[in-house]
Amino acid sequence: MKFQTTSYHFNLLKDEQRLAVFYEAILDYVKNQNKDNLIAFDVGCGSGVLSFFAQPFFKEIFSCEIDSKTFNCTKNNLNDFDNISLFNDDATAISFNKKADLIICEMLDTALIDEEQVPVLENVKKYLKDTGEIIPQGIFNLAQLVNMEREYFHYDDVGENINYKPLSNEILYSKINFLEDINPKFEGTLDFKIRNDGEINGVKITTVTKLNENIVCGPTPMLNPPLLIPLDNLNVKRNDLIRLNLKYIMGKGIETIKTEYVR
Ligand SMILES: C[S@@+](CC[C@H](N)C(=O)[O-])C[C@H]1O[C@@H](n2cnc3c(N)ncnc32)[C@H](O)[C@@H]1O
1 MKFQTTSYHF
11 NLLKDEQRLA
21 VFYEAILDYV
31 KNQNKDNLIA
41 FDVGCGSGVL
51 SFFAQPFFKE
61 IFSCEIDSKT
71 FNCTKNNLND
81 FDNISLFNDD
91 ATAISFNKKA
101 DLIICEMLDT
111 ALIDEEQVPV
121 LENVKKYLKD
131 TGEIIPQGIF
141 NLAQLVNMER
151 EYFHYDDVGE
161 NINYKPLSNE
171 ILYSKINFLE
181 DINPKFEGTL
191 DFKIRNDGEI
201 NGVKITTVTK
211 LNENIVCGPT
221 PMLNPPLLIP
231 LDNLNVKRND
241 LIRLNLKYIM
251 GKGIETIKTE
261 YVR
C-alpha cells in the first residue's frame, strides 16, 4: 500500500517503531473480540494508516481528520475500504450516531501539551461503549533537571547528538489513564535530587506511551520526543534538593507552560 501524504505525515509513516506499537496494540485488542460487529473510531487519523491497520478486523470504522489538505490525501488512501467512513471534521466537536468498541487516538505529543488529545478524548469518549477501550491507554510523564546547550523551548532529536547534560535524578511526576476523567490543567511541585555539580538551565520532560497492558513505548523521533523547557540559571552541587513548580494546560500549547523554583 502506497500512502499519499503531507510531508509531516510522511515523517510519521517513516517512524517504524511508532507504527509497530500501534499495529501490535490493534492486533492485541482484536484477538479477544468477536469480530463480527466491532466498531472503531480513529480520531486525528492523519494519513489513515491506523484505520488501514484496523480495517480487516472491524465491521465499521469512523475516521476523522481536521486538516483539509491531509483529508484530501487520506480520502485517496482509504477509498477502497467500504467499512471506513472518513470525515473532515474537528474531533473536539464531532458527534457520532453509533458507539465505538475501540477509540484509536494518536494525537499525542510530549505531556499532551501541544496537541488536542485531551480535549478530543473528552468529546469522543461520550461515544465509547461501557466495555470500550482506547488505544493508547495512557501516558507516563517524567522530568529531569538539565544543562542544555540551546536555551529555548525545543524537542530533543531522538537518536541524534544529545545536546543537554542531565544534572538530577529523573522523576515520574504524572500518570494519565485515557479512560478516566482528565483535568487538562496540570500543576505540580516536583522534587529533584542533584546528581552532578553544574548549572541548571532547563527541565526535560519525557513522555512514555502505554499502548495497552502489554506494550509500552518510549520516545521515538515522531512519538513524544523529549521536550526541553528553559529555566532560570541556577548553580547546584551534588546532593542539593531542588523543588520546581510546573504548570501547563494540556491541548493549549507550550506557551501555557510556567515554571518557578520553590525556595
Ligand atoms: C500526530 S498526527 C497522527 C496521525 C495519525 N493518527 C497517525 O498515527 O499517523 C495527529 C493528527 O491529528 C489531526 N488533528 C489535530 N487536531 C485535530 C482535531 N481537533 N480533530 C481532528 N483531527 C485533528 C492532525 O491534523 C494530525 O493529522
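So the sequence shown is numbered by the UniProt record's numbering: it starts at 1 and just counts up by one.
Just so it is clear, CB atoms sit at the ideal spot from N, CA and C, and this is done for glycine as well.
Span separating the alpha-carbon of residue i from that of residue j
i, j, result
"residue 135", "residue 259", "31 angstroms"
"residue 156", "residue 149", "11 angstroms"
"residue 166", "residue 146", "4 angstroms"
"residue 199", "residue 230", "12 angstroms"
"residue 62", "residue 54", "11 angstroms"
"residue 46", "residue 71", "7 angstroms"
"residue 235", "residue 196", "11 angstroms"
"residue 206", "residue 11", "20 angstroms"
"residue 65", "residue 252", "19 angstroms"
"residue 9", "residue 67", "12 angstroms"
"residue 169", "residue 6", "39 angstroms"
"residue 29", "residue 243", "41 angstroms"
"residue 140", "residue 130", "24 angstroms"
"residue 113", "residue 56", "33 angstroms"
"residue 74", "residue 133", "24 angstroms"
"residue 143", "residue 171", "5 angstroms"
"residue 257", "residue 201", "15 angstroms"
Closest by C-alpha distance to residue i, when choosing among the options
i, options, result
"residue 119", "211, 92, 212, 137", "92"
"residue 186", "56, 249, 173, 51", "249"
"residue 137", "180, 16, 14, 27", "180"
"residue 27", "58, 244, 245, 220", "58"
"residue 84", "129, 38, 212, 241", "38"
"residue 191", "177, 182, 173, 202", "173"
"residue 49", "69, 82, 14", "14"
"residue 23", "105, 171, 111, 232", "105"
"residue 161", "143, 221, 177, 125", "221"
"residue 241", "228, 232, 262", "262"
Cβ distance (whole Å) where residue i is taken to contact residue j below 8 angstroms
i, j, result
"residue 215", "residue 25", "6 angstroms"
"residue 204", "residue 184", "With a Cβ gap of about 22 angstroms, residue 204 and residue 184 do not count as contacting."
"residue 175", "residue 239", "No, residue 175 and residue 239 are not in contact; Cβ-Cβ is about 28 angstroms, not under 8 angstroms."
"residue 76", "residue 17", "So it is not a contact: roughly 26 angstroms between Cβ atoms."
Buried versus exposed, by CB contacts within 10 Å (16 or more), residue i
i, result
"residue 1", "exposed"
"residue 20", "exposed"
"residue 35", "exposed"
"residue 164", "buried"
"residue 41", "buried"
"residue 213", "exposed"
"residue 95", "exposed"
"residue 159", "exposed"
"residue 224", "buried"
Residue i beta carbon near ligand 2 (any heavy atom closer than 7 angstroms)
i, result
"residue 47", "Here the bound small molecules are ligand 1; ligand 2 is not part of this structure."
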